[in-house]
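To keep things clear, I will list the structure first and then write my remarks on it.
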Ligand code: DGL
């Protein structure tokens with residue numbers, strides 16, 4: 035792993051395979067604007083969604099080590115696929131040797147925790163990548179917290195490429211959105227709440243709503259993850275004290291910064307100036 039640049043020591047690290055984690059970063063910054071953040075998109079190796087457990091684990095661990103080398107004490111995996119396939123192993127196997135006091139958190143548990151009272155029918159759906167859906171991570175978390183809920187998981191493997199290639203608001207996206215929404219309701223017509231279990235999917239929100247009955251809620255997870263982080267920092271002052279607060283954000287990508295700047299600025303509605311870094315593991 036090459037260190038090409040040094041970020042803001044004490045910043046909170048936000049990681050995604052590509053642009054999707056920006057939907058989480060936006061909500062976190064809105065709720066916790068004082069902290070410093072470093073965002074890393076592993077665009078060169080995205081998408082992660084259909085990669086093996088070994089690949090997602092190795093790539094995510096490499097990214098976590100990169101954040102720690104930048105001085106981050108706390109890293110949020112703003113990627114459901116990485117949270118589903120790598121978080122537990124990193125927490126249990128790697129964190130004990132990666133430095134005391136460092137923390138890595140994911141997005142699945144905070145999302146599962148937030149489901150209280152959302153569904154009247156008690157039938158909900160999780161949309162996610164193949165990796166997230168096949169891991170059954172959502173079902174396992176939800177079963178512990180809300181055993182009354184019937185959960186249908188639907189993998190939507192084309193949706194991340196639509197977002198990464200900025201096709202999410204183009205007519206071509208309609209086919210793939212309609213396909214999965216129709217399939218979902220064939221599988222369970224009682225669904226009244228849909229959780230977007232992939233951080234890329236909020237970009238497809240308008241298209242998703244077009245193909246849904248009005249009574250069905252669609253939930254993006256960013257607000258829940260942000261609220262959970264705020265709560266975590268309040269409950270763990272020893273971690274919060276290690277996080278610097280100058281309100282800065284730095285962006286890094288493993289692809290070309292020019293492309294990242296153009297795409298990310300569209301997602302964030304602001305101009306950004308990303309830097310390139312390199313993550314080198316190949317599987
Ligand atoms: N944003 C990632 C997630 O939440 C997308 C994964 C991918 O790269 O396929 O799962």
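Residue numbers (my numbering): 35 to 317.
Built from N, CA and C at the ideal position, the CB exists for glycine as well.
Which whole-angstrom value describes the C-beta separation of residue 193 and residue 219, a residue pair presumed to lie in contact below a C-beta threshold of 8 Å? 17 Å between Cβ atoms; not a contact.
Only counting runs of 3 or more residues, tell me where the beta strand (DSSP E) segments fall wholly within the stretch 225–266, in order along the chain. 227–230, 251–254
Are at least three pairs of beta-carbons, each pair with one atom in the stretch 159–178 and one in the stretch 280–299, less than 8 Å apart? no
Inter-residue Cα distance where the pair is residue 170 and residue 274: 31 Å
Report back the beta-carbon spacing between residue 197 and residue 228 to the nearest angstrom; my notes put them in contact at under 8 Å. Actually they do not touch by this definition, with Cβ atoms about 17 Å apart.
Can the beta-carbon of residue 56 be found closer than 8 Å to that of residue 301? yes
Spatially closest choice to residue 316 from 80, 50, 62, by CA coordinates: 80
Should residue 98 and residue 117 be called a contact, given that it needs their Cβ atoms to be closer than 8 Å? no
Validate contact between the stretch 257–267 and the stretch 138–153 using beta carbons, cut 8 Å, 3 pairs: yes
Pair within 8 Å by beta-carbon distance, residue 156 and residue 179: no
Would you mind reading off the limits of the alpha helix (DSSP H) that contains residue 55? 55–65
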